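Below is one structure, written out as structure tokens; comments come after it.
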Amino acid sequence: MTANGATPLGATTPEEVAFAQDVPRGEPILEVRDLLKHFPLTKGVLFKKQVGAVKAVDGVSFDLMQGETLGIVGESGCGKSTLAKVLMNLEPATAGSVKYKGEEISHLSGAALKAVRRNIQMVFQDPYTSLNPRMTVGDIIGEPFEIHPEVAPKGDRRKAVQDLLDVVGLNPEYINRYPHQFSGGQRQRIGIARGLALKPEVIICDEPVSALDVSVQAQVINLLEQLQGEFNLSYMFIAHDLSIVRHISDRVGVMYLGRMVEIGTDLEIYDHATHPYTQALLSAVPVPDPAAREHRDRIVLTGDVPSPANPPSGCRFRTRCWKAQEKCAREDPALTVRDWLEGRARHDSACHFAGERDNLI
Ligand SMILES: Nc1ncnc2c1ncn2[C@@H]1O[C@H](COP(=O)(O)OP(=O)(O)OP(=O)(O)O)[C@@H](O)[C@H]1O
Ligand code: SF4
Ligand SMILES: [Mg+2]
């Protein structure tokens, strides 16, 4: 697979050159291969017996490039948060490989895990519940220094926390206040400051603005973008809102039932999607212009999302796919570029019959 999407080498026309410039460069900072996270399903009270498994993440491969933002989208329950937790080593992987700067990190423990954790931090969805209400903002932001005193020795901590407050646009004098004395947007800034405390290289943002008012969402997104430039951060940005993901992402990965089904640059995914699931997701994005809305060809998905404990054979999307054929039940489609795809649609898609909507085969 080409985790970075295919780049049209030898681009000559202005359009090809512009497209080539869209593709993020640099080395991968995270390399994820065939990652699995299965939660055992057990039966019995006294003698627990495993009767199956929830396949929350079930064979996910992708690269996160240095300095890029990779957006991750997909319906509720498709495994986005589980993927984030496994990458953070908050949940052990069932199988598969995660490399950070070329070093395998999925099976680390003790001091080695602690050292890697410093470089990969997370910003959580809900700024109302993710901050301890009994701790001051100074203690919340400075807590990671207790685990990594080498980043800010005891005497320097107050100053380090005040600098972080300043970096995220909060008054450094608020250091002794408690979370309830802040608005939702301010609390998320505190969460971001805490995420930045150990000077990480990768930040995994799991729905960082979903709990915020629309007006505040843009401010937090702008802050994340500004910090990325300042500290050369790589982001994995999980969100439901496809417009926000397009705004912030260099590339976008689409997940369905524990799998990555399509991945490419924002342009490839939003304007040249080739997987029917991505096309359906995009067709449901609200369009502000009523005239454009009228002419839009919306795809309404029928049927429920199947259980991740018992996914369909072959292509997992086949029970809801309008293009499904007999081959789809038989063969699991690989995430790869299909021979027949051309131009901007030449990126990885896990569909036997991948094709742009106006060019369906
Ligand atoms: N600790 C757990 N034990 C058992 N099943 C779990 C556990 N955590 C998650 N799951 C299951 O794994 C699947 C993926 O859940 P996950 O939270 O990763 O989805 P998500 O894509 O983040 O959804 P949302 O958009 O709602 O946040 C779901 O079916 C969920 O019920
Ligand atoms: S492989 Fe078949 S079922 Fe799956 S998305 Fe493609 S056409 Fe639909
Ligand atoms: Mg989630």
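In our numbering, the protein residues as written are 85 to 445. Glycine residues also receive a C-beta, built at the ideal position from the N, C-alpha and C atoms. Remember, predicted model here, so these are calculated numbers, not experimental data.
L307 versus L154 - alpha carbon distance: For the purposes of this step, residue 307 is taken as residue 223 along the sequence shown, with counting starting at 1. For the purposes of this step, residue 154 is taken as residue 70 along the sequence shown, with counting starting at 1. Distance between the alpha carbons of L307 and L154 is about 17 Å.
Report yes if the C-beta of D290 is less than 7 Å from at least one heavy atom of ligand 3; otherwise report no. What you label residue 290 is simply residue 206 of the sequence shown in a count that begins at 1. Yes, the Cβ of D290 comes within 7 Å of a heavy atom of ligand 3.
CA-CA distance, Y212 and G269? Position 128 of the sequence shown, counting from 1, holds the residue named residue 212. Position 185 of the sequence shown, counting from 1, holds the residue named residue 269. In a straight line, the C-alpha of Y212 is about 10 Å away from that of G269.
Can you name the start and end residues of the alpha helix (DSSP H) that H356 belongs to? The sequence position of residue 356 within the sequence shown is 272, counting from 1. Taken as a continuous stretch (DSSP letters only), the alpha helix (DSSP H) holding H356 covers 350-356.
Can you give me the C-alpha to C-alpha distance between L311 and W406, rounded to a whole angstrom? Position 227 of the sequence shown holds residue 311. Position 322 of the sequence shown holds residue 406. Distance between the alpha carbons of L311 and W406 is about 42 Å.
Kindly indicate which three-state DSSP category R261 falls into: helix, strand or coil? In the sequence shown, the residue the question calls residue 261 occupies position 177. DSSP places R261 in coil when its eight states are reduced to three.
May I ask whether a heavy atom of ligand 3 can be found less than 7 Å away from the beta carbon of S165? Translated into positions along the sequence shown, residue 165 becomes position 81. Checking the Cβ of S165 against ligand 3 gives yes.
Give me every residue whose Cβ sits closer than 5 Å to any heavy atom of ligand 2, in chain order. P360, C399, F401, R402, C405, K407, A408, C412, P417, C435, H436, F437
Using the beta-carbon count (16 or more within 10 Å), is V245 buried or exposed? Taking the sequence shown and counting its residues from 1, the one referred to as residue 245 is at position 161. Buried: at least 16 other Cβ atoms inside 10 Å.
Compare the beta carbon distance of K139 and G342 with 8 Å and say whether it is the shorter of the two. The residue you call residue 139 lines up with position 55 of the sequence shown. The residue you call residue 342 lines up with position 258 of the sequence shown. Their beta carbons are under 8 Å apart, which means K139 touches G342 by this criterion.
Take the Cβ of S193 as the centre, count every other Cβ of all protein chains shown within 10 Å, and call the residue buried at 16 or more, exposed below. Sequence index remark: in the sequence shown, residue 193 carries index 109 (1-based). Residue environment: S193 is assigned as exposed (fewer than 16 neighbouring CB atoms within 10 Å of its CB, all protein chains considered).
Between the stretch 173-188 and the stretch 112-132, do three or more beta carbon pairs fall short of 8 Å? Counting Cβ pairs under 8 Å, three or more are found: they touch.
Length of the line joining the Cα atoms of G279 and R441: Numbered from 1 along the sequence shown, position 195 holds the residue referred to as residue 279. Numbered from 1 along the sequence shown, position 357 holds the residue referred to as residue 441. Their Cα atoms are separated by approximately 40 Å.
Between which two residues does the beta strand (DSSP E) holding S145 run? For the purposes of this step, residue 145 is identified with residue 61 of the sequence shown, where counting begins at 1. Segment 133-149, the beta strand (DSSP E) holding S145.
Would you call N173 buried or exposed, if buried means 16 or more other Cβ atoms sit within 10 Å of its Cβ? As a position in the sequence shown, residue 173 is number 89, starting the count at 1. Buried.
Below 8 Å on the Cβ atoms is my contact criterion, and I expect P292 with Q205 to pass it. Report the Cβ-Cβ distance as a whole number of Å. In the sequence shown, the residue the question calls residue 292 occupies position 208. In the sequence shown, the residue the question calls residue 205 occupies position 121. The pair is not a contact, with the Cβ atoms about 12 Å apart (cut-off 8 Å).
Spatial neighbours of G151 within its chain, please: CB distance less than 7 Å, with the 5 preceding and 5 following residues excluded, ordered by chain position. Here the question's residue 151 lines up with position 67 in the sequence shown. Result list for G151: G110, N316, S318, in chain order.
Tell me which residue opens and which closes the alpha helix (DSSP H) that V300 is part of. As a working note, residue 300 is residue 216 in the sequence shown. Note, V300: alpha helix (DSSP H), 298-315.
Verify the contact flag: V138, CB atom, against every heavy atom of ligand 1, threshold strictly below 7 Å. The count along the sequence shown starts at 1 and reaches residue 138 at position 54. Correct: V138 has its Cβ closer than 7 Å to ligand 1.
Taking P396 as the reference, give the member of D416, A199, S160 with the closest Cα. Residue numbering aside, residue 396 sits at position 312 when the sequence shown is read from its first letter. Taking only the C-alpha atoms, the option nearest P396 is D416.
Is the CB of A195 under 8 Å away from at least one CB in chain B? This model lacks chain B altogether; it includes just one protein chain.
Taking the straight line between their C-alpha atoms, what separation do you get for I189 and A177? Your numbering for residue 189 matches position 105 in the sequence shown. Your numbering for residue 177 matches position 93 in the sequence shown. So the two alpha carbons sit approximately 10 Å from each other.
Quick one: Cα of D223 to Cα of C435, how far? The residue you call residue 223 lines up with position 139 of the sequence shown. The residue you call residue 435 lines up with position 351 of the sequence shown. Distance between the alpha carbons of D223 and C435: 49 Å.
Can you name, in chain order, every residue of its own chain whose Cβ lies under 7 Å from the Cβ of E426, other than the five neighbours on each side? Along the sequence shown, one-based indexing puts residue 426 at 342. So the list is empty, once near-sequence residues are dropped.
How long is the line joining the alpha carbons of A295 and E187, rounded to whole angstroms? Here residue 295 refers to the residue found at position 211 when the sequence shown is read from its first residue. Here residue 187 refers to the residue found at position 103 when the sequence shown is read from its first residue. For A295 and E187, the distance between alpha carbons rounds to 35 Å.
Neighbour-count burial assignment, E346, 16 or more Cβ in a 10 Å radius: Your numbering for residue 346 matches position 262 in the sequence shown. Answer is buried; the Cβ neighbour count reaches 16.
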